[in-house]
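**Student:** Numbering (my numbering), first residue to last: 83 to 280.
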Amino acid sequence: LEFRRVLFRSSLTIFGDLDVSTIRERPPGRSPTVTRVVPPVRSGDVYGYLAERVQAGEQGFVVVPAIEESDIGLADVENHKRFLEEGPLRGCRLAVLHGRQPIDVRESIMDAFRAGEIDVLVATVVIEVGVDVPNATVMVIEHAERFGLAQLHQLRGRIGRGTKASTCLLLYTAPLGETARSRLSIMRESNDGFVIEI
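1. Would you report the Cα separation of Pro114 and Thr249, rounded to the nearest angstrom?
2. What is the DSSP secondary structure of Gly244, counted as helix, strand or coil?
3. Check whether the segment 229-241 and the segment 198-216 are in contact - that is, three or more C-beta pairs closer than 8 Å.
4. What is the DSSP secondary structure of Ile200, counted as helix, strand or coil?
5. Are the CB atoms of Leu266 and Val119 within a distance shorter than 8 Å?
6. Is the distance from the Cβ of Met221 to the Cβ of Leu251 below 8 Å?
7. Please classify Glu227: is it buried, with 16 or more other beta-carbons within 10 angstroms of its beta-carbon, or exposed?
8. List the endpoints of the continuous alpha helix (DSSP H) containing Phe165.
9. Look at the alpha carbon of Gln183 and the alpha carbon of Ala205, and state the distance between them as a whole number of angstroms.
10. Going by beta-carbon coordinates alone, are Gly142 and Ala232 separated by less than 8 Å?
11. Verify whether the separation of the beta carbon atoms of Glu224 and Ala157 is less than 8 Å.
12. If you run the structure through DSSP and keep just helix, strand and coil, what is Val144?
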């Protein structure tokens, strides 16, 4: 409540005598997204589920924290795409998307994804905002403990944009610290951005 008062006073200071609207409901026709926090030993189940949804005609995102291979073993777009193509998502149509690609390349990939020509997009947080693909119903976030609450919430918002049930799967790397454990727990328990991002 106090936060809302501060927000209201700040709005008056910046914009003068304007009304402030707060939207707390999902747009009509959208299904809520179920969020699961998953240990690394169950990653096979996670990608098996994604493969099933693709076989059912749906699409998905796999978010990784790195563009290039790192010394600390973080998943990166190219190597993770190769792992998925050769393993759990064999036969699916995959593409990569990241911020170092030229903008025309990124736009072309997103157009193909929207058109259903790509089943799974392996991407960095470049997809965090401005992506609206109603047929994308599954998001897998690798190393989820490395992302902040606002990022996780924005990423999850890329799915659940249509009428089909959607699932966000947060794959973490053990052991979890207390802060990371709390962050993932909040994501599992709430879809409310006002709760998550305050």
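Every residue, glycine too, gets a C-beta built ideally from N, C-alpha and C.
Note that the coordinates shown come from a computational prediction; the quantities given were computed from them, not determined experimentally.
**Tutor:** According to the structure shown:
1. 9 Å
2. coil
3. yes
4. coil
5. yes
6. yes
7. buried
8. Val159 to Glu168
9. 11 Å
10. no
11. yes
12. strand
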